[in-house]
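Participant: For my numbering, add 8 to where a residue sits in the sequence shown, where the first one is 1.
Quick reminder that beta carbons are idealized off the backbone N, C-alpha and C, glycines included.
Mind having a look at this structure? Questions to follow.
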Amino acid sequence: MTGSDETTSVATLEGVATDVVAAVEELREQFLGHPMAVTPDGAGGVSVIVDGVTPGSPYVESTTWLGFQVVSAYPDADVYPHFTGRLQRVDGRPHGEGFAELDWQGRSALQLSRRSNNWNRQTDTAALKAMKVITWLGSR
C-alpha cells in the first residue's frame, strides 16, 4: 500500500496493466494530500482506497473513505461500484435507491451503485468517476 504523497514506482505496481498504472497516477493527482492505498489485485488491476473524503452535508460524518476497483480491462471497463465507510444521514432517513450496506475488503461499507451506462474510454476516467460519485453522494 502506498500513500498519495509517496512516489509510486513501477516495481510497486509490477504486474498491473499499463492503463491501470496511468489511472493510479491520475487518481494520485486528483486526490493530492489524501492518503491513498493502492493494492494490486493479482489480475492486472488494483483496489484503491482514498481516505479523508468529504461526503457532504447530508451526512453526520465529516469525512470517510472511498474505495473501488480498477480492473485490468480499464479503460474499456467502467469503474463500478464505489464504496464508502458506513454513513448516517443527518435527517435520520434511509439512504434510498443506489445504496447497500455490506462489507468490502474487511471494512463495514456503504456500496454506491452508480454505473456509467454510456462509459466512454476516451473521456471517462477513474478519477473523473470518483469525483462524480462523491458529488452524487453529497447530493443525496
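Indicate the three-state DSSP secondary structure (helix, strand or coil) for L95 in the structure shown.
Facilitator: Position 87 of the sequence shown, counted from the first residue, corresponds to residue 95. Looking at L95 - three-state DSSP - the assignment turns out to be coil, as it is neither helix nor strand.
Participant: Based on the DSSP output, what are the partners of S70 in its beta bridges?
Facilitator: For the purposes of this step, residue 70 is identified with residue 62 of the sequence shown, where counting begins at 1. Its beta-bridge partners do not exist; DSSP assigns none.
Participant: Beta-carbon separation of V141 and V78 under 8 Å?
Facilitator: Taking the sequence shown and counting its residues from 1, the one referred to as residue 141 is at position 133. Taking the sequence shown and counting its residues from 1, the one referred to as residue 78 is at position 70. No, the pair does not count as a contact, with Cβ atoms beyond the cut-off.
Participant: Using beta-carbon positions only, say whether L118 and T143 come within less than 8 Å of one another.
Facilitator: Here the question's residue 118 lines up with position 110 in the sequence shown. Here the question's residue 143 lines up with position 135 in the sequence shown. Not a contact, by the Cβ cut-off of 8 Å.
Participant: Express the C-alpha separation of L40 and V46 in angstroms, rounding to a whole number.
Facilitator: Here the question's residue 46 lines up with position 38 in the sequence shown. Here the question's residue 40 lines up with position 32 in the sequence shown. So the two alpha carbons sit approximately 14 Å from each other.
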